[in-house]
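With full-length UniProt numbering, letter number 12 in the sequence shown gets 12, and the count goes up by one each step, no holes.
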Amino acid sequence: GNPNGLQMTYLKDNSTRNIFVYHDDGKEIVDWFNAIRAARFHYLQVAYPGAGDLELVPKLTRNFLKEGFMEKTGPKHTGGVKRWFTLDDRRLMYFKDEYAVEAHFKHKP
Numbered sequence: 001g002n003p004n005g006l007q008m009t010y011l012k013d014n015s016t017r018n019i020f021v022y023h024d025d026g027k028e029i030v031d032w033f034n035a036i037r038a039a040r041f042h043y044l045q046v047a048y049p050g051a052g053d054l055e056l057v058p059k060l061t062r063n064f065l066k067e068g069f070m071e072k073t074g075p076k077h078t079g080g081v082k083r084w085f086t087l088d089d090r091r092l093m094y095f096k097d098e099y100a101v102e103a104h105f106k107h108k109p
C-alpha cells in the first residue's frame with residue numbers, strides 16, 4: 001500500500017466502480033483530489049443550473065459510512081479472523097487487510 005493513496009468510488013451501469021490514485025508526494029494527491037472535486041462541482045453546476053451550492057455540495061463525494069478492522073468468524077464460531085470491512089449505502093464488503101481493497105477492485109472491469 002501507499003500512504004499517499006486515494007480511492008474514489010462512483011456508480012456506472014448500476015455497479016460501483018473504483019479508481020485508485022497514488023503519488024509519492026502527499027501534496028500531489030491533495031491537489032488531485034481538489035481538482036477532481038472542482039471538475040465534479042462544475043459538472044453538477046452545468047447539469048443542475050437552477051441548483052444552489054448548498055444543494056450541490058453533498059453530491060460531490062460519496063464516502064463509506066464506515067470502514068476499519070473487525071473480526072469475523074466462520075460457521076463453527078472458532079477463533080475470529082481480523083478483516084478490513086467497508087460499508088456504504090449499497091453493500092458490506094470485507095478483505096484480508098486495507099490494502100487488499102485495491103487488489104480486489106483493480107481486477108474488476
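Think of the CB as a built atom: it goes at the ideal place given N, C-alpha and C, for glycine as much as any other residue. Because the structure is a prediction, the values reported are computed rather than measured.
Under DSSP, the beta strand (DSSP E) around residue i begins and ends at which residues?
| i | result |
| --- | --- |
| residue 43 | That residue, residue 43, is in no beta strand (DSSP E); its alpha helix (DSSP H) goes 26–47. |
| residue 50 | Careful: residue 50 lies outside any beta strand (DSSP E) and carries neither H nor E. |
| residue 12 | 5–12 |
Since residue i contacts residue j with CB under 8 angstroms, what's their CB separation in whole angstroms?
| i | j | result |
| --- | --- | --- |
| residue 29 | residue 4 | 5 angstroms |
| residue 87 | residue 55 | So it is not a contact: roughly 26 angstroms between Cβ atoms. |
| residue 21 | residue 6 | 5 angstroms |
| residue 72 | residue 80 | 6 angstroms |
Could you check which residue in the options has the C-alpha nearest to that of residue i?
| i | options | result |
| --- | --- | --- |
| residue 90 | 65, 6, 57 and 47 | 65 |
| residue 57 | 42, 12, 68 and 71 | 42 |
| residue 18 | 75, 61, 47 and 50 | 61 |
| residue 97 | 53, 70 and 75 | 70 |
Which residue marks the beginning of the alpha helix (DSSP H) containing residue i, and which one marks its end?
| i | result |
| --- | --- |
| residue 54 | 53–56 |
**Prompt:** Which full runs of the beta strand (DSSP E) of 3+ residues lie inside the segment 59–94, going along the chain?
**Reply:** 66–72 and 81–87
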